[in-house]
Amino acid sequence: MSYFSYLLDASKWGGAGGTGQLLLQHLAYTGAAVLIGAVVAIPLGILIGHTGRGGFLVIGLSNAARAIPSIGLLVLVVLATSTGFGPTVLVLAVLALPAILTATAAGVSGADPDAVYAARALGMTGGQIVSKVEWPLAVPLTISGLRSATLQVVATATVAAFAAGGGLGQLLISGQRSRDYSQMFAGAVLIAGLAILLDLLIGVIGVLASRRVRPAGKTRTSAAAAPA
Amino acid sequence: MTIKRSLAALGLTITTLVLAACGGGGSTADPLGSSSAPPSGSAGGTPIVVGAANFTESQILAEVYAQALTAKGLTASTKPPIGSREVYIKALQDNSVQIVPEYTGNLLLFVDKSATATTQEELANALPTALQPDNLKIGKVSAAADQDVYVVTKEFSQQNNLTSLADLSKVSSNIVLGGPSELAQRAYGPQGLKGIYGATLKQFKPYDSPAVKTKDLLDGKIQMGEYFTTESAIADNGFVPLADPQSMILPQNIVPLMRGDVADNPQVTAALDPVQAALTTEELTALNKQVDVDKMDPDQVASAWLKSKGLA
């Protein structure tokens, strides 16, 4: 039996419960979870980074939440509410949150102090400093946070299958229970491939964003050309 | 103006160590066993060891058998759970155990892969011949069975007048079936429902967790679920098991599998036959629940049940 037989079997890709549908489900879980994570974590991260308050508590708590086993949390949430897209995405968003939050807060609070002082000296308000100086400087770091969050979520979205939510994890479970190892292999390969693909994609976006924030050579020379 | 930053990562690791205690502590042999005069003269004092497979129900049944034998004056004990069928059949053959609780359908398929028996009677008739080469014999077949079953909620059953798989085709286009993922490959799965009962389902949804499956069935996200007859979720939620008039699902009635010499001992049959007659699927379900849910010991559960039936 070839390990690739399931993956390359065109008849397994179509229809309800087919590989194609599972792949789309997996992407939908990942996209929605990272989006919700970003919508919550980015404003919170900016607030913490800008004010310098609450960082210990909020970031500590969200990082502690990483230690919660995802399968356990998922089954708990599902039994307390119901199965379906919403509860599953919620659990995955909990996983996406800490990476984005920590990165955003670190990016904002780590924005070049000289630039922040200059902005303040120019008479910018707090809001202007955030939107025109700190946040643009924090974008590359925030994107790297999104990148690691996506990587975690795309790998962990396999647990959706434990709550009858489909996704590529279904291939692992079904394959294991019916001893169809080519099916398990197909699931593993697709999840790994998806993770690499998404990671590269966001990596490229990150490089482009950091070029926009720091055009090549400009910040360095201006700093060097300012003797005391 | 320095912005103070305090970014700290708090790592929390919770390690939970679960120690699963070995269930099924051996019941002590009755010291009076050998003193009561055995009418046949054979095997009265020869200790009988009852083995069990590695799941709750088998361990309870092993305790029930051993204690019933002890109550009839034989020397009997149990062993810690042995494992899968492949292993405990070997244990019977090499005489390290003499009796093991079994299930008719799966036992027949194990010893005769080409068996065609489908009904309870056919299975009971086919088993003795199939077991003869191994010098094994079965005892009385109980009405109690632990087999796959399709269930619907009480409301769904009443609304659609559905109590049997024979009526399924009328409503099946609206039914999403939930079951373990391997059911999709089983002969009695969706393909069997279609081939034997002409019922084409709307969808089959694989479930890894029985608890999640029960939750979805109650929430109406699936309309039909596949369970084992001795799962307490069926009775606890008032699910209606659907009859299987075409015997699509192989019956799995409880039966003691014994070495030939032990099965020929009339004392043994006298002890086990009443147990097999008294056992029902509902009572077996209740016994499983006492061990799995209420965390009682299999030997206590077995002894209480035997007393309640006047068998010990």
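Quick mapping for you: the protein sequence lines, in order, are chains A and B. In terms of our numbering, the first sequence has 51 at position 50, counting the first letter as 1, and numbering is strictly consecutive. In terms of our numbering, the second sequence has 153 at position 103, counting the first letter as 1, and numbering is strictly consecutive. Note that the Cβ used here is the ideal one computed from N, Cα and C, for glycine as well.
* N- and C-terminal bounds of the beta strand (DSSP E) containing Ile188 (chain B) -> 186 to 188
* Residues within the region 257 to 277 of chain B neighbouring chain A, beta-carbon criterion of under 7 Å -> Against chain A - using a Cβ distance shorter than 7 Å - the residues of the region 257 to 277 of chain B are Tyr257, Asp258, Ser259, Ala261, Val262, Lys265, Asp266, Asp269, Lys271.
* Closer than 7 Å, Cβ to any Cβ of chain B: which residues of the region 170 to 182 of chain A, in chain order? -> Gln171, Ile174, Ser175, Arg178, Ser179
* Chain-ordered neighbours of Phe163 (chain A) on chain B, where CB pairs are closer than 7 Å -> Asp258, Ser259
* **Residue nearest to Leu93 (chain A) in terms of C-alpha spacing, selected from A:Gly56, A:Ala39, A:Val59** => A:Ala39
* Does the beta carbon of Gln296 (chain B) sit closer than 7 Å to a beta carbon anywhere in chain A? -> Under the 7 Å criterion on CB atoms, Gln296 (chain B) is classed as non-interfacial with respect to chain A.
* **Residue environment, Thr84 (chain A), which counts as buried when at least 16 other CB atoms sit within 10 Å** => buried
* Hey, how far is the Cα of Pro306 (chain B) from the Cα of Lys271 (chain B)? -> 40 Å
* Asked: Which of the three DSSP states, helix, strand or coil, is assigned to Tyr118 (chain A)?
  -> helix
* Could you tell me the boundaries of the alpha helix (DSSP H) in which Arg213 (chain A) lies? => 182 to 214
* How about Ser146 (chain B): is its C-beta nearer than 7 Å to some C-beta of chain A? -> Not one beta carbon of chain A lies nearer than 7 Å to the beta carbon of Ser146 (chain B).
* Asked: Using a Cβ-Cβ distance under 7 Å, would Thr84 (chain A) count as near chain B?
  -> yes
* **Test: Ala17 (chain A) CB closer than 7 Å to a CB of chain B** => yes
* Asked: Under 7 Å between C-beta atoms, does Val79 (chain A) make it to chain B?
  -> yes
* Residue ranges of each beta strand (DSSP E) run of no fewer than 3 residues wholly in the region 239 to 300 of chain B, ordered along the chain? -> 253 to 257, 274 to 278
* 7 Å Cβ cutoff, Glu232 (chain B) in contact with chain A -> yes
* To do: At 9 Å on the CB atoms, spell out the chain A contacts of Lys255 (chain B), in chain order.
  => Per Cβ cutoff of 9 Å: Gly18, Ala165, Gly167.
* Measuring CB to CB, does Gly46 (chain A) end up less than 7 Å from Leu102 (chain A)? -> In contact: Gly46 (chain A) and Leu102 (chain A) (Cβ atoms closer than 7 Å).
* To do: List in chain order: all unbroken alpha helix (DSSP H) runs of 4+ residues lying wholly within the region 116 to 177 of chain B.
  => 135 to 143, 154 to 161
* Stretch-stretch touch, CB-based, cutoff 8 Å, three pairs: the region 135 to 150 of chain A with the region 98 to 115 of chain A -> yes
* Just list the alpha helix (DSSP H) runs in the region 111 to 178 of chain A, keeping only unbroken ones of 4 residues or longer that don't cross its boundaries, in chain order. => The qualifying runs are 114 to 122, 136 to 157, 170 to 178.
* Asked: Nearest to Thr52 (chain A) by alpha carbon, out of A:Tyr30, A:Gly15, A:Thr105, A:Ala34?
  -> Thr52 (chain A) has its Cα closest to that of A:Thr105, out of A:Tyr30, A:Gly15, A:Thr105, A:Ala34.
* Buried or exposed (CB count within 10 angstroms, at least 16 for buried), Ile197 (chain A) -> exposed
* Cβ separation of Ser219 (chain B) and Thr213 (chain B), assumed to be a contact under 8 Å, to the nearest whole Å -> Not quite, the Cβ-Cβ distance comes to about 14 Å (not below 8 Å), so this is no contact.
* How about the region 177 to 187 of chain B and the region 253 to 263 of chain B: do they share at least three Cβ pairs that are nearer than 8 Å? -> no
* To do: Report all residues from its chain with a CB closer than 7 Å to the CB of Lys263 (chain B); omit the five preceding and five following residues, and keep chain order.
  => Gly228, Tyr257, Gly275
* Strand pairing of Val99 (chain B), partner residues [DSSP] -> In the DSSP secondary-structure assignment, Val99 (chain B) is bridged to B:Ser127.
* **Contacting residues, own chain, Cβ-Cβ under 6 Å from Ala189 (chain A) (five flanking each side not counted)** => none
* To do: Determine, using beta carbons only, whether Gln197 (chain B) comes closer than 7 Å to chain A.
  => no
* Can you tell me which of the three DSSP states Val343 (chain B) falls into? => coil
* If you check the beta carbons only, do Pro131 (chain B) and Ala102 (chain B) fall under 7 Å apart? -> yes
* Asked: Exposed or buried, which one is Ala119 (chain A) when buried takes at least 16 other CB atoms within 10 Å?
  -> If you draw a 10 Å sphere on the C-beta of Ala119 (chain A), you find fewer than 16 other C-beta atoms in it, and that means exposed.
* Extent of the continuous alpha helix (DSSP H) run through Ile225 (chain B) -> Careful: Ile225 (chain B) lies outside any alpha helix (DSSP H) and carries neither H nor E.
* **Under 7 Å between C-beta atoms of Ala162 (chain A) and Gly170 (chain A)** => In contact: Ala162 (chain A) and Gly170 (chain A) (Cβ atoms closer than 7 Å).
* Asked: Looking at Val160 (chain A) and Leu75 (chain A), is the spacing between their C-beta atoms short of 7 Å?
  -> yes
* Within chain B, the residues that Ala76 (chain A) reaches when beta carbons sit closer than 8 Å -> Note that residue 76 (chain A) is Val in the sequence shown here, rather than Ala. Against chain B, the beta carbon of Val76 (chain A) has neighbours under 8 Å at Ser259, Ala261, Val262, listed in chain order.
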